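Chemist:
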Amino acid sequence: MTVLARSSSVALGRLPRPGTVLAGGFVALVVLAAVAPGLLTSDTPTQIDLTNALAPPSWEHPFGTDEAGRDLLTRVIHGTGLSLGIGLGATGVSMALAIVLGAAAALAGGVVDTLITRLLEVTFAFPSLLAALLIVAVFGPSVTTSIVAVGVGSMPGYARMVRGQVLAVKESGYIEAAHALGHRPWRVFRQHLLPNAMRPLVAVVTLGVGQSIVWASSLAFLGLGVPPPSPEWGALLDAGRGYITTSWWLAIMPGLVIVLFAVAVTSLGRTLQQRLEGAAR
Amino acid sequence: MTRPRPFRRAGVAGLGLALAGSVLAACAGGPSAGSGTRIEGGTLTYAHVQEPPCIFGGWIQQAYISRQVLDNLVTLDTDGSIKPWLATSWEVSPDGLTYTFTLKEGVKFTDGTPLDAEAVAFNFDQWMTTQLNGTAKVSLDPYYRAAEVIDPTHVAIRLNAPYPQFLTLITQGYFGIQSPTALRTRSQAENCEKPIGSGAFVVEEWRKGQEVVFKKNPNYTSWPATAKHEGPAYIDELRWKFVPDPLSRYASLTTGQSDVVYEIPTVHWKDAQEKFETTIRYITPGKPISFYINTAAGVFTDKLVRQAFAHGADRKGAVEAGFHGVIPYEGNPAMSRSTPDYNADLADAYPFDQAKANALLDQAGWTGPRTPEGIRTKDGRPLTVRIIYGAGSFITAEGATVLQALQEQWKQVGFGVELIPLTRAELNSGRFSDPTTYDAWPSYWTSPSPAILWIVWRPTTPEKPNGNNRSFYNNPELARIIDEANTSTDPERASQLYRQAQQIISDNAAGIGLYTQNTLVAAANRVKDFWLEHSQGEPVFSDVYLVQ
Amino acid sequence: MTAGTTGIAAPAPATEIPAPLVRVEGLRIRFGAREVVRGVSFTVEPGRCLAIVGESGSGKSVTARTLVGLTGHGAEVTAERIEFAGHDLQRLGERAWRSIRGREIGYVLQDALVSLDQLRRVGDEVAEPLRVHKRGTRAERAAAAVELLAAVGVPEPQVRARQRPYELSGGLRQRALIASAIALDPPLLIADEPTTALDVSVQAQVLDLLAEAKERGRALIMISHDLSVVARMADHVAVMRQGEIVEQGPAEQVLHRPQHPYTRALLDAVPSEHTRGQRLVRPAAGQPVVRRERAPIDRSRPVLDARGLTKVYTGPDEVVRTVVDDVSFQLYPGETLGIVGESGSGKTTTARMALALLEPTAGEVLLHGEPWTALTRAQRRSRRRRIGVVYQDPLSSFDPRWSVGRLLVDALSTGPRPPASAEEARARTVRLLDQVGLSPERFDAAPLRLSGGERQRVAIARALAPEPEVIVCDEPVSALDVSIQAQVLDLLTDLQDELGVSYLFISHDLGVIHHMSDRILVMKDGRVVEQGDADEVFERPQHPYTQQLLTALPRLAAA
Amino acid sequence: MSTAAPAPAARLRRIAGKLLSAVLVLLVAASITFFVQLLLPGDRATVILNIRNGRDQQWPAEEIAAINHQFGFDRPLIVQYLDYLAGLLRGDLGTSYTEFRPVTAVIGAQLLPTVVLTVGALVVAWLIAVTVTLLTVRRGRILGGIGAAFEAFTASLPHYWVGMLLLVAFAVQIPIFPVIGGDTPAGTVLPVLTLAVPLSGFLGQVLREEFHKVLDQPFITTARTRGMSDAAVRLRHALRHAVLPGITLSGWALGALVSGSVIAESIYGRPGIGQVLVTAVNNRDVPTVAGIVLVVAAVYIVANVLVDLAYTLVDPRLRIS
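Residue numbers (full-length UniProt numbering), protein chains in the order written: chain A, 1 to 281; chain B, 1 to 548; chain C, 1 to 559; chain D, 1 to 321.
#1: Starting from the beta carbon of ALA137 of chain A, find every residue of chain D whose beta carbon is closer than 7 Å, and list them in chain order.
#2: In terms of residues, what are the limits of the beta strand (DSSP E) holding ASP95 of chain B?
#3: Between GLY388 of chain C and ASP305 of chain C, how many whole angstroms is the CB-CB distance? I'm expecting something under 8 Å.
#4: Among C:VAL152, C:ALA411, C:GLU140, C:LEU549, which has the Cα closest to the Cα of HIS183 of chain A?
#5: Would you tell me roughly how many angstroms separate the C-alpha atoms of GLN354 of chain B and GLY511 of chain B, rounded to the nearest one?
#6: Alpha carbon to alpha carbon, how far is ARG281 of chain B from VAL521 of chain B?
#7: From ILE128 of chain D to LEU70 of chain B, what distance separates their C-alpha atoms?
#8: Quick test of the definition: if touching needs 3 or more C-beta pairs under 8 Å, does the segment 71 to 83 of chain A touch the segment 218 to 237 of chain A?
#9: Alpha carbon to alpha carbon, what distance is there between ASN217 of chain B and HIS229 of chain B?
#10: Identify which residue in B:PRO476, B:PRO285, B:THR255, B:THR129 has its Cα closest to the Cα of ALA146 of chain B.
#11: Put THR322 of chain C into one of helix, strand or coil per three-state DSSP.
#12: Looking at chain B, is there any beta carbon in it that lies within less than 7 Å of the beta carbon of GLY242 of chain A?
#13: Identify whether ILE455 of chain B lies in helix, strand or coil by the three-state DSSP scheme.
#14: Once DSSP output is grouped into helix, strand and coil, what is the label at SER248 of chain B?
#15: Counting along the chain, where does the alpha helix (DSSP H) carrying ILE67 of chain D start and finish?
#16: I'd like to know whether the C-beta of SER421 of chain B is nearer than 7 Å to at least one C-beta of chain A.
#17: For the beta strand (DSSP E) holding ASN72 of chain B, just list the boundary residues, first then last.
#18: Does chain A have any CB closer than 7 Å to the CB of ALA405 of chain B?
#19: Look up MET240 of chain C in the DSSP assignment and give the residues it is bridged to.
#20: Below 8 Å on C-beta distance, what does GLY317 of chain B contact in chain A?
#21: The alpha helix (DSSP H) that contains residue 290 of chain A, what's its start and end?
#22: Candidates D:VAL132, D:ARG284, D:THR118: which alpha carbon is nearest LEU207 of chain D's?
#23: Distance cutoff 7 Å, beta carbons only. Does ALA177 of chain A sit that close to anything in chain C?
#24: Grab me the residues of ASP151 of chain B's own chain with a C-beta within less than 8 Å of its C-beta, minus the 5 sequence neighbours each way, in chain order.
#25: Report the rounded CA-to-CA distance for GLY72 of chain D versus GLN80 of chain D, giving the unit in angstroms.
#26: GLU426 of chain B by DSSP, collapsed to three states: which one?
#27: Compute the distance between the beta-carbons of THR291 of chain D and ILE107 of chain D, then report whether it is under 7 Å.
#28: Quick check: the Cα distance between HIS268 of chain B and ILE15 of chain D, rounded to an integer number of angstroms?
#29: Below 9 Å on C-beta distance, what does VAL111 of chain A contact in chain D?
#30: What separation, rounded to the nearest whole angstrom, lies between the Cα atoms of LEU73 of chain A and VAL261 of chain B?
#31: Could you list the residues in the segment 389 to 400 of chain C with a C-beta less than 9 Å from some C-beta on chain A, going in chain order?
#32: Using a C-beta to C-beta distance shorter than 9 Å, which residues of chain C count as neighbours of HIS61 of chain A?
#33: Distance cutoff 7 Å, beta carbons only. Does PRO45 of chain A sit that close to anything in chain D?
#34: Taking 7 Å as the cut-off, decide whether the C-beta atoms of TYR262 of chain C and ALA181 of chain C are in contact.
#35: Does the contact criterion of 3 or more C-beta pairs under 8 Å hold for the segment 220 to 228 of chain A versus the segment 385 to 403 of chain B?
#36: At a CB-CB cut-off below 7 Å, which residues of chain A make contact with LEU357 of chain C?
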């Protein structure tokens, strides 16, 4: 048995090691682009050169130029901060909401629990895109709106997860042990319950960031995203899609960046998840 | 999801020139027309952009589609002259206050009821008294008084004042005549979905979100004088599909899934011209896409600043590059080149001249220390300009690119320009009717007649506010000139006054020109005799025939 | 052909010794660098039982798996010879292996709850070998399944066959598992810990079942860590340790005249009535048994006084279950009270009520004559330190993020003399570690990295830290190997002699209970069926259930 | 271990409770939409006038008043709300502001295509996920890695991007499928794929994870000791256990699919709830939007009931409790 387990953990066929390394590298690059775009490119993202519009990828313009002759790579790099910000922000928003609701439900139990679970059911049944539509309709498209819209949209899933986590930890032996030692409930919550319940969520959050970015870009596609000339990735993709048959790079390049980033983050998240699970068992 | 399309306004045909130009463009590429063996009947698929809530109504989308089922009293020819349609002839009383129309004999609505004077009168009352078609109403307000049945084939329209533009205006699709019986007896929903007219087609089925299926009206007798043939439509069926995505729309034409496509993206225009015999570029008359400049609040209350703004950026260059040379620049902020009585002197008003712009701003006192972003200031107040625009509706993606290009150049002379795209919901919500909410607003209003000046520039007065004057530019003199032009029975005088009005608007930079609104249409090579009606470019399918 | 008939058909005379069915010589298994089996040799003859005994990690299971070609991923198997019925198994391809598995060699794993597919019907599971080896039609196989279930003594087999494993009791489940292993009546049967996790009474029945197969002339290889179980079955015993067979020979000889010190240590380590009052771990070979001498127990004032404890649950389906029914007992200073009973008898629930972690439905517990369970949570908190607990699975009772040191310091802080400074805390923790026989460097270790025995020691240290009068031990050694179990039990007794702490000691293992307890409480279905002095209960059981338990209990002496 | 069957009374009560809560969920969802929409900037009468006349202007008070009266906007909010609720109970979702038709009619025509799209996507996603997992999980590092990488990649694909690429590839460049297929079978293929591909990634990841756990279970070894082939073990034993979490996920995925269908529908000019929804929101057509939310929520609830059923079918252990 032990033997099988061990050998299998070797053969675990998720992203192979080199993949994880690559992913890490890519994410690192993206983060760099976010904090210090200047290090990766010298041009400014809004530098218009209409005479040089829609130039295909070349050494000078690795990602080509857009309909206003702006260097696409530069725009992608300068858009990173915004996109990453939205990803993190949205995940933050949803996580914050989720933790409050989920934890409250799990700990309070009884009426509170049923109420919150019902509420979550409603939000689940409520197409997240509609939530986004309404939010944007109320506040108009902007970075903040995108963050809120995406955050609210992905909240219920996390909330359920948090609730489940907290419940699980609540039942665990070490919580009882802590009570048996005569610790105060608040201390038990602070020292054992919260940290242990949140632990596995670390991985989930990393996964969430990737998905949030994808989501935010979907909003952009529906014209509900960050307004131009902002080089937010989704906005770039949206701007480029009209040209896909004539100037493919405008839609393909930003799309690839988004997807690759999501993939990278996801694979990292999964590796992290396994680590944590390993640590827990 | 439907990308909102502009709501086109009433419009009279552009100068012959405009169409001539486009027809040339059309004939430039492809083999000569008329090739291939003709086939009887058949189905034609037309890919349109936006789906209206109702077949008829006050929205250009509705004018387009209702044209297929409804006939008008008169129509407009390419030379701008009025031609018979349901009305075989008409007389204008010497005082210009009464228009008496003689109706074609024996025309019947598709519900079998007669299309007589009573019907026409009933329709006029509908337009002026109900909310169903507000555009028809504003076009005739405040000149319309009453419609009067003389005998079954004669109807008189009485006006409060002479209004020579009247005939031109009623050539638009908004003025299609419907069966009174249907309007009276059927539910609003029924009329909305399947209006009863006397047109070449009848609505067979409306598959919402997908297409409207038209069947030919075999008993069609009331074709307009401008028709390319007499008698019922050649094709049996017209499938009017709604394809919001530009990429799909054009692809549907290139892959042969549709025969005629509306709104070819400018990127594909060249390609279309090479591939297809019939490509029509129709320059919509009326107010071009020009900036309303908020003269009531903000930095633009100062005329010098407005003029500096106009000089500050290379609008012409940006437009030509941004639209790949397909859509022409329009310097005249008040009227597009295809509108009658267009003032051509304004075609290049306020050329690109940053030195002049800077001089004007200095003169206006914007000489304070610049902000870190290089924005001019005055008494510590930065020279920021909020430009709102209907993203994807009034301003296409390409238009947005042009704005972004200009934004860069304006920055060079010290304008801090903020671009605020608005969703259709926000525009409709009427939230931006307040002067404090924006400084400039690029937008257009297609209209077949210089009377558009009255709609857009009539000053707001306490008793009669003008919700359409988005520059909040209240110039009594301008108002007087336009009104005089509208009511002048002397065409020469009217024309000269209209030109003068445009001059005033431009000189005061109450508006700043940008580009003309265009309709770009292409038809597959198997489609013959497809044309755009002239008052506002409604597609006409009643003459179309298909070839092998 | 179905097992039912042939099973009875071919009885093999157990007298003369036939030629070996399985012959293994110099078997070596390595996973990468780790060699887990080092040159193992043995033979099994038809109608005889070879028992491979050893503690976890001794390589016994891997050895067994190798006989069906399922050693595991990346295993490297070499041997001078692995023969089955004269065929060389080493040269078999996957296809050939499949034809052997189930047909020639039946395999029984431990714990049918996880060894049977919970989502499939018992009948399908039992008949699967028939389907795999294309025996009979669907209908015939279904019939065969029922017959097999009947053959292994499953009541109302038709019904059971249509149920799913989780709907069966542990015993029936294990029988079903065996039934599927003997479905094709294979000449060789391998049973890997067939009775672990079963209650003694069930254990006996399952062993009888295997014995019967043996009687029918089937060869049997039994893997077990439990010498007493082995004693009952094996003709031949091989003792494995770290991948080697340290001693093998006739059962009678190995179990009663062990040659190898390890075997001897193992045998001594088994707690039972004989080991009462002595340490289980011998200091060194040949030295005399150390007896524990302890102060007489003063039975005037109980530390813990449970009166008519009752716990009733109402399930979501509104079915009312009385888990503990009117249980009363007294625990006196320095005494060990053993609670014994099979799974579901209410032992643990009783313990949790004693700890006041569970509100009794009726009755109460007094601590030092003062109300305990009757108090409010807040009132209890200050007194909690006086009653500690040691769980079966210590790991789950440790916060996974905390080091051993932090766990203990935390526990100390709840005691009567909370450490004033970090230095003091550390010093006292190290002393605690020393007390439970752990070295100081364990201070910074993560519990996850410790061995089972070490973890349990840490758990005990934590229980001791607040200087309690009572420690509730809930199956504290059930998860441990015999030798480790011996060490832990010794530790507990030593601590009791040293600190005079009282134990409420819960176990399903009669041997352990007898070894540890002064007085015993026998529980069945939530009720106390018998209680009294340990020897009294064990030698002269009054209640039939107790008697049944004791007869079912496999004993080394019995062999 | 064996558990007694629950008392029928209790079961009935539980079912009743579920139904009640479902209805509650619906009402709350509809109410939220109703009120949120009133939060939207601007005034409904103006919007209606603007939409009808294709304008964006200010309207004279008298015209506004007329509309307000016609639609009853001049009544107190609470009255409007109660009126709406009363309608709901009568199964009347109200009348669209812009289409002059009952909302039920507006939605009715569009519901089926969307259901076909989402359900189709779910099914296809499962097919892809199961095949990929079965073929790659535990087949050595290379194959397993490829499988996992494939899942990670597809799971990260934005719907609209997939849609766009599929459209360009298989409708424009290589015209196999129609560009504007509407809801014809041929026209349904690409939209379904658009939604299915990313979802298959998600399902696949869960499936793979579970498969790994299951393949280490003793009962798998038992099956092998019976002489079962690896393929058989995977299909007969492992798969059934592995799909369980995926099934739960499918329930949740439906919400995402509805959102995704908006995108798919807009790219392929396909009729459906999504299109109507976006237009209605843009037009601030309160009854229509609320109606759609109601319907979607209802569908979602029903779907999840089905998912629960499927779950208990696969894992009878859940029937008890």
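Backbone N, C-alpha and C fix where the C-beta goes; we use that ideal spot for every residue, glycine too. Computed from a predicted model, the values in this text were never measured in an experiment.
Modeler: On the basis of the data shown:
#1: LEU40, VAL281
#2: Here ASP95 of chain B belongs to no beta strand (DSSP E), and DSSP marks it neither H nor E.
#3: Incorrect: roughly 18 Å between the Cβ atoms, too far for contact.
#4: C:ALA411
#5: 19 Å
#6: 6 Å
#7: 52 Å
#8: yes
#9: 15 Å
#10: B:THR129
#11: strand
#12: yes
#13: helix
#14: helix
#15: 61 to 71
#16: For the record, residue 421 of chain B in the displayed sequence is Pro; it is not Ser. So, interface residue.
#17: ASN72 of chain B -> no beta strand (DSSP E), and no H or E assigned at all.
#18: yes
#19: C:GLY54, C:ILE245
#20: LEU50
#21: Residue 290 of chain A is absent from the model: chain A starts at 1 and stops at 281.
#22: D:VAL132
#23: yes
#24: ALA117
#25: 7 Å
#26: helix
#27: Per the sequence shown, residue 291 of chain D should be read as Gly rather than Thr. The answer is yes: Cβ separation under 7 Å.
#28: 59 Å
#29: Per Cβ cutoff of 9 Å: no residues; VAL111 of chain A is ~13 Å from chain D at best.
#30: 34 Å
#31: VAL389, TYR391, ASP393, PRO394, LEU395, SER396, SER397, PHE398, ASP399, PRO400
#32: Chain C residues near HIS61 of chain A: none, gap ~50 Å exceeds 9 Å.
#33: no
#34: no
#35: yes
#36: GLU176, HIS179, ALA180
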